[in-house]
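One structure is given below, encoded as structure tokens.
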Amino acid sequence: MDKIVIDGGHKLKGKIRVSGSKNAALPLMAAAILTAKPFTLKNAPKLADINTMARLLEGLGIKVAQDKPRTYHFDASEITSPEAPYDLVRTMRASVVVMGPLLARYGH
């Protein structure tokens, strides 16, 4: 395991910003399908896959809003289609994470 060793008599001070994780954000976005209550995801990374997942969820009829960078609001109270748009699904391997929530919500 890699590590950083700091030798010296000075304590470290300061702030860092930890970026959100794509591998955590994508399944959380897909989880919007499971609830009819609105929820918010903060600190999502700025990546093409995050934008694609947002568009994919919109294709299902989920309302997706972004009021500030890295913050997404989801409202899946009225999903209009249980089928994800293929043109978006084929561009992102992580699109398979919507299958479980769709099966749980619709039972087919």
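Take any residue in the sequence shown, note its place counting from 1, add 48, and you have its number in the numbering used here. Glycine included, each C-beta is placed from N, C-alpha and C at the ideal position. The structure presented is a predicted model; accordingly, all values stated were derived computationally and were not measured.
Answer with buried or exposed for residue i, where buried requires no fewer than 16 other C-beta atoms within 10 angstroms of its C-beta.
i, result
"Tyr120", "buried"
"Ser143", "buried"
"Ala124", "buried"
"Leu53", "Looking at the sequence provided, one finds Val at residue 53 rather than Leu. By the 10 Å Cβ count, Val53 comes out exposed."
"Met101", "buried"
"Leu151", "exposed"
Does the beta-carbon distance from residue i to residue j come in below 8 Å?
i, j, result
"Pro133", "Ala79", "no"
"Pro117", "Lys85", "no"
"Leu136", "Gly107", "yes"
"Gly68", "Ala96", "no"
Reducing DSSP to helix, strand and coil, say where residue i ends up.
i, result
"Asp115", "strand"
"Thr160", "Since the first and last residues shown for the chain are 49 and 156, residue 160 lies out of range."
"Asp55", "coil"
"Leu89", "strand"
"Lys123", "Strictly speaking, residue 123 in this sequence is Asp, with Lys absent from that position. The answer is strand: DSSP assigns Asp123 an E or B state."
Among the options, whose alpha-carbon lies nearest the alpha-carbon of residue i?
i, options, result
"His156", "Ser129, Leu136, Arg138", "Ser129"
"Ala113", "Met77, Met147, Asp55", "Met77"
"Met140", "Gly56, Gly57, Asn71", "Asn71"
For the beta strand (DSSP E) that residue i lies in, which residues bound it at each end?
i, result
"Leu150", "Element bounds for Leu150: not the beta strand (DSSP E) but the alpha helix (DSSP H), 147 to 154."
From which residue to which residue does the alpha helix (DSSP H) around residue i run?
i, result
"Leu76", "70 to 78"
"Gly66", "It should be noted that the sequence gives Val, not Gly, for residue 66. Taken as a continuous stretch (DSSP letters only), Val66 belongs to no alpha helix (DSSP H), as it is neither H nor E."
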